[in-house]
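First up is the structure itself, then whatever we jot down about it.
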Amino acid sequence: MLFAKIAMMLSFFAVIIGLSLYTRKKTNTVDDFVVGNRSVGPWMSAFSYGTAYFSAVLLIGFAGKVGWGYGMSALLIALGNSIIGTYLAWRILGRKTREMTSRLNVLTMPSFLEKRYDSSSMKIVSSLIIFIFFVPYAASVFMGLSYLFEQTFGIPYVLALTIMALLAGLYLVLGGYMAVALVDFVQGLIMIAGVVLMVYFVVGHEVVNGFANGFASLRTIDPELIMPSSAVNWVGLISLIILTSLGTWGLPQMVQKFYGIKNEQVIPLATRVSTIFSLIITMGAYYVGSTGHLFFAELPVFNGTATPDLIMPTIIGQTLPPLVGVLILILVLSASMSTLSSLVLTASSSVSIDLVKGTIKKDISEKATMNLMRVLCIAFIAFCLYVALNPPGIILTLMALSWGAVAGSFLAPYIYGLFWPDTTRAGAWAGMLTGLFIAVGGYLVINTSPAFISSDIMELFTKWGTPFFGSLAMIIPLGVVPLVSLITRSYTEEHINRVYNEQESIVA
């Protein structure tokens, strides 16, 4: 049995290393490194989107915590992730993003905003937002998994994190985006197999004893675990759906997957594949997380503290055979590395292209830019590893803010920038700053309980948490941008034609 486990792990490592070496020869330019020379096919694009979307933290920690709080209603989050966060994102944003970013010759979100709104300062601020929030966000991919590695598999946390960092750094530095896409495809297959087997063994376990019995047992424990009845719980659930589903429309690492698509003709197939992938992964993870009350009368305790992060690892340890458990471990490694690599590539390319090449040293050569991106990839991964093992307080704060702050900052300016020529620079600035202010302000309100807010309101804010303010940070700017745009000076016809004329090619 030990030999089989070791063989499975070594085979996984060998595949990753082999793919890294294979893609190294295909990465010769900045375009190759950042967007795979815009030549990625439908299957790899679809899987790369899905694996970047669903990190191990979501699959292991978040699914268990949300499943404990909302029961089977958590499946509505899975549905939102699949329909809004995946299908509609591909259907609405994919084609226009591919066409417009290719024609404008931009490789990053900040570069797109600069070209669309004719604002170099917006590019700089956008790059800083990405840098400030993405590195802690990437570190959070590692955190919270110690329970799974140490409590369930008996693997030292430091060793597991070091392996993840080394493998992710290897294929990212050698092959850039093409390596990420190819490795994501392999890791996506592993994630599908692992989630399907996890659901199979959990459903077949005597505690659950089938789908129908599991639903009936949860209803007996508490009808709220089937469907919320109170408005307060519905607000919390809807906030989570919006945060985790609509958020992908404004996250640079997700949008960047559309930049690298081979051509617009592959988008319909990529849309279907990505949606099916999302349904399998999210439905499986949230379903298993929702069974937590069947396995525990109270939250699992670690060092005297109730710990929701232990729900999924404990269920996995109780229900899965040893070899399947190894596959789940590989699933966790895959999900962690795919999300980490996408975040680090986005952050390093933004700093290299938008801050250094675009602002500080405009005459930097192509080779020097690529070398800088590789160095930054290594530095960011090393920093993420250090932070995950020794998290300072400020980093923990940025982690809690990252998803809502980044998506809230970019979602409205990006969407209106794609589709509405009358969006003004002032409107885009207003939307960006409003989203950032709401996300950061909401976090501060929850954690400081200011005296001017009544205790009843604070109780609701605390219950809903940062997802509530994160969702507001995405929605409110959608109204702010057009409102400000309608009362501020619009762009010249020449600029609008240059941005939206599909027949005109613009070289950076």
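In the working numbering, the protein residues as written are 104 to 611. For each residue, glycine too, the CB sits at the ideal point set by N, CA and C.
Close-in-space but distant-in-sequence residues of the same chain around residue i (CB under 8 Å, 5 per side omitted)
i: Phe-483; result: Val-238, Ala-241, Val-447, Ala-450, Ser-451
i: Thr-410; result: Tyr-250, Leu-402, Pro-403, Val-404
i: Phe-215; result: Met-203, Thr-204, Leu-207, Val-209, Tyr-517, Gly-520
i: Val-118; result: Val-289
Proximal residues to residue i (C-beta, below 7 Å), its chain only, five neighbours per side dropped
i: Met-294; result: Thr-154, Ile-384, Leu-434, Ser-437, Ala-438
i: Ser-593; result: Asp-525, Thr-527
i: Tyr-280; result: Phe-136, Val-137, Val-138, Gly-139, Gly-363, Leu-448
i: Leu-275; result: Ala-282, Val-283, Ser-444, Val-447, Leu-448, Cys-480
i: Ser-608; result: With a pLDDT of 43 at Ser-608, under the threshold of 50, the predicted position of this residue should be treated as unreliable, though the coordinate-derived value follows. Excluding residues within five positions, the ones whose Cβ falls inside 7 Å are Arg-206.
DSSP three-state assignment for residue i, whether helix, strand or coil
i: Ile-109; result: helix
i: Ala-554; result: coil
i: Val-289; result: helix
i: Asp-325; result: coil
i: Asp-135; result: helix
i: Glu-309; result: coil
i: Val-209; result: coil
i: Phe-157; result: coil
i: Thr-265; result: helix
i: Trp-506; result: helix
i: Thr-591; result: coil
i: Ile-222; result: It is worth fixing the name first, because residue 222 is Ser in this sequence and not Ile. The answer is coil: DSSP assigns Ser-222 none of H, G, I, E or B.
i: Lys-470; result: helix
i: Leu-231; result: helix
i: Asp-525; result: coil
i: Ile-433; result: helix
Close beta carbons around residue i, own chain, < 6 Å, minus the five adjacent residues each side
i: Gly-197; result: Phe-361, Ile-370
i: Gly-183; result: Ile-344, Ser-348
i: Ala-373; result: Pro-145, Ser-148, Ala-149
i: Tyr-630; result: Outside the modelled stretch of the chain, which goes from 104 to 611, sits residue 630, for which no answer is possible.
i: Met-561; result: Ser-552
i: Ala-388; result: Leu-162, Ala-166
i: Phe-571; result: Ser-342
i: Leu-492; result: none
i: Leu-458; result: Ser-230
i: Thr-591; result: Thr-527, Ala-529
Bridge-paired residues (DSSP) for residue i
i: Val-404; result: Ala-409
i: Val-143; result: Ile-364
Cα-Cα separation, residue i to residue j
i: Ile-187; j: Ile-195; result: 10 Å
i: Tyr-546; j: Ser-574; result: 12 Å
i: Gly-363; j: Gly-272; result: 20 Å
i: Leu-191; j: Val-584; result: 21 Å
i: Ala-602; j: Leu-207; result: It should be noted that the sequence gives Val, not Ala, for residue 602. Approximately 7 Å between the Cα atoms of the pair.
i: Ser-333; j: Ile-180; result: 17 Å
i: Ser-453; j: Tyr-220; result: 17 Å
i: Met-415; j: Val-490; result: 24 Å
i: Gly-313; j: Val-298; result: 16 Å
i: Ala-268; j: Gln-359; result: 22 Å
i: Leu-426; j: Gly-307; result: 17 Å
i: His-598; j: Thr-204; result: 16 Å
i: Phe-513; j: Ala-315; result: 42 Å
i: Leu-270; j: Asn-600; result: 45 Å
i: Phe-288; j: Ile-379; result: 14 Å
i: Glu-605; j: Phe-522; result: At Glu-605 the pLDDT is 48, less than 50, meaning the model places this residue with poor confidence; the figure from the coordinates comes in the next sentence. Glu-605 and Phe-522: Cα-Cα distance of roughly 13 Å.
i: Ala-533; j: Gly-350; result: 18 Å
i: Lys-470; j: Gly-121; result: 24 Å
i: Phe-106; j: Asn-366; result: 45 Å
i: Glu-202; j: Gln-368; result: 11 Å
i: Ile-456; j: Ile-463; result: 10 Å
i: Phe-157; j: Phe-564; result: 26 Å
i: Glu-596; j: Phe-318; result: 59 Å
i: Asn-336; j: Pro-424; result: 36 Å
i: Gly-278; j: Gly-428; result: 30 Å
i: Ile-419; j: Thr-132; result: 44 Å
i: Ser-557; j: Val-548; result: 12 Å
i: Phe-236; j: Ser-229; result: 11 Å
i: Lys-218; j: Ser-224; result: 11 Å
i: Met-643; j: Ala-159; result: Because the chain spans 104 through 611 in this model, residue 643 falls outside it and cannot be assessed.
i: Ser-142; j: Gly-568; result: 41 Å
i: Tyr-430; j: Leu-321; result: The amino acid occupying residue 430 in the given sequence is Leu; Tyr does not appear at that position. Those two C-alpha atoms are separated by around 28 Å.
i: Ile-579; j: Leu-346; result: 13 Å
Count the CB pairs spanning the region 552 to 561 and the region 323 to 334 that are closer than 8 Å, and state whether there are at least three.
no
contact_flag[the region 378 to 396, the region 159 to 178] where n(CB pairs < 8 Å) is 3 or more
yes
Quick one: any contact between the region 116 to 132 and the region 348 to 358, if contact means 3 or more CB pairs under 8 Å?
no
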